[in-house]
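The structure appears right after this line, and notes come after that.
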Amino acid sequence: MTDDEQVNDNKYNLIIIILAVVFAIVLAFFAWFVFKSFFGSGPGSPGGSGDAVWDRIQSSGKMVVGTSADYPPFEYYDNSYQLDGFDIALIRDIGQQIGVEVEIRDMVFDDLNNALQLGQIDVAIAALTV
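When you read off a place in the sequence shown, starting at 1, and then add 51, the result is the number in the numbering used here.
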């Protein structure tokens, strides 16, 4: 490889690195914007509803959880028609750890976000990714 080819390769690699960094910054900004738009001001921040939900859970001693039990092995009905799965075990353990009863409501997956916003459920768990 000649010196000119080496210089061109170095320039090309530098351009690729710069583009990758710019892309990562734009992607991070976009993700932040979508997160803020979807979740509003967020729990624990002024104007957020997270503290009110937590206060309601603590005062009632019950956490109402929404799920969509049609996605095994995360959540499903077992042979005795009881909710089971990774998410169900996880939320029950969380309830036990924080000392509250867990009431699980099965609903259509697309309605989980609306149910959260309307206060019909306190938490949603259904193989969700953040």
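For every residue, glycine included, the Cβ atom is placed at its ideal position computed from N, Cα and C. Keep in mind it's a predicted model, so treat the numbers as computed, not measured.
A distance below 8 Å separates the beta carbons of residue 153 and residue 116. Secondary structure note for residue 146: its alpha helix (DSSP H) is the uninterrupted segment 137 to 149. Per DSSP, the beta-bridge partners of residue 155 are 116.
In terms of Cβ geometry, residue 144 and residue 177 do not form a close pair [threshold 8 Å]. With respect to the C-alpha of residue 128, the residue from 107, 150 and 156 having the closest C-alpha is 156. In the DSSP assignment, residue 168 falls within the alpha helix (DSSP H) that extends over 163 to 169.
A distance of 8 Å or more separates the beta carbons of residue 123 and residue 112. The three-state secondary structure of residue 78, taken from DSSP, is helix.
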